[in-house]
Ligand SMILES: [Mn+2]
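In the working numbering, the protein residues as written are 15 to 254.
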């Protein structure tokens with residue numbers, strides 16, 4: 015079997031109808047649906063999601079204990095086979111035919127496999143990689159996707175910060191693919207979170223600040239080419 019191009023990592027809970035709609039969109043708009051796998055994570059106490067008939071053989075359901083989003087994302091990553099991973103939600107409508115080839119094309123510009131590409135979620139736009147697309151090589155260099163400790167928020171922010179840091183180190187590997195629209199239906203709802211849990215996530219995020227700088231350096235060393243603008247700004251820096 016040839017290697018899969020993309021693994022979608024998709025945690026879901028209690029939203030079977032939305033999930034069905036999301037999955038239908040993923041496959042019906044992909045240019046090469048056969049090179050995609052979807053890994054669902056379903057909590058073992060979520061009976062409707064456990065029992066929901068899977069609409070497609072390319073969807074794999076992992077059932078396990080409820081756990082923090084960070085750990086769950088890393089778990090799904092270890093079970094994935096694709097050359098790239100796409101962090102996904104169960105409340106998305108894929109609006110762009112050929113979204114897979116567009117993302118693969120954007121990431122494929124970097125032969126060393128170091129980049130973070132992301133489409134437009136219809137809410138945050140260029141501001142935030144809400145649904146990050148990462149080559150496997152990048153995830154390996156990061157030692158996974160994100161800190162296990164993160165409960166819900168900050169996974170996107172964590173990845174963005176690493177790549178902003180990498181940009182400061184001279185390699186701009188953050189690619190916003192504006193014409194890929196993954197419409198995020200319940201984006202506002204994610205803000206109605208328990209305030210206390212949100213603060214815990216914030217603290218976990220802050221605690222990883224030095225680690226993100228270290229990870230950015232790791233990525234930079236793996237970059238086969240450093241952008242000339244980065245070289246220039248560092249040269250200017252060293253003159254001071
Ligand atoms: Mn969502």
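Just so it is clear, CB atoms sit at the ideal spot from N, CA and C, and this is done for glycine as well.
My understanding is that residue i touches residue j, with C-beta atoms under 8 Å, so please give their C-beta distance in whole angstroms.
i           : j           : result
residue 230 : residue 190 : So it is not a contact: roughly 18 Å between Cβ atoms.
residue 143 : residue 174 : 6 Å
residue 150 : residue 99  : 7 Å
residue 83  : residue 165 : 6 Å
Note down the Cα distance separating residue i from residue j, rounded to an integer number of angstroms.
i           : j           : result
residue 34  : residue 58  : 19 Å
residue 101 : residue 132 : 10 Å
residue 43  : residue 91  : 23 Å
residue 111 : residue 45  : 7 Å
residue 121 : residue 51  : 18 Å
residue 201 : residue 221 : 26 Å
residue 89  : residue 114 : 23 Å
residue 227 : residue 194 : 29 Å
residue 116 : residue 186 : 19 Å
residue 53  : residue 103 : 11 Å
residue 48  : residue 37  : 14 Å
residue 147 : residue 170 : 11 Å
residue 168 : residue 219 : 7 Å
residue 107 : residue 238 : 36 Å
residue 172 : residue 160 : 7 Å
residue 145 : residue 67  : 25 Å
residue 29  : residue 75  : 14 Å
Do residue i and ligand 2 come close, with the Cβ less than 7 Å from some heavy atom?
i           : result
residue 201 : Within the structure as shown, ligand 2 is missing, the only ligands being ligand 1.
Look up residue i in the DSSP assignment and say whether it is helix, strand or coil.
i           : result
residue 24  : strand
residue 200 : coil
residue 67  : coil
residue 251 : Residue placement at residue 251 is poorly supported in this model, since its pLDDT is 46, which falls under 50; the coordinates still yield a value, given next. The answer is helix: DSSP assigns residue 251 an H, G or I state.
residue 97  : coil
residue 146 : strand
residue 61  : helix
Span of the alpha helix (DSSP H) holding residue i?
i           : result
residue 160 : That residue, residue 160, is in no alpha helix (DSSP H); it is neither H nor E in DSSP.
residue 234 : 223-236
residue 176 : 169-182
residue 88  : 83-93
residue 133 : Counting along the chain, residue 133 falls outside any alpha helix (DSSP H), though it belongs to the beta strand (DSSP E) covering 130-134.
Taking 7 Å as the line, does the beta carbon of residue i fall inside it for any heavy atom of ligand 1?
i           : result
residue 105 : yes
residue 172 : no
residue 198 : yes
If you follow the beta strand (DSSP E) that residue i is in, where does it begin and where does it stop?
i           : result
residue 122 : Segment 113-122 is the alpha helix (DSSP H) holding residue 122; no beta strand (DSSP E) there.
residue 75  : 73-78
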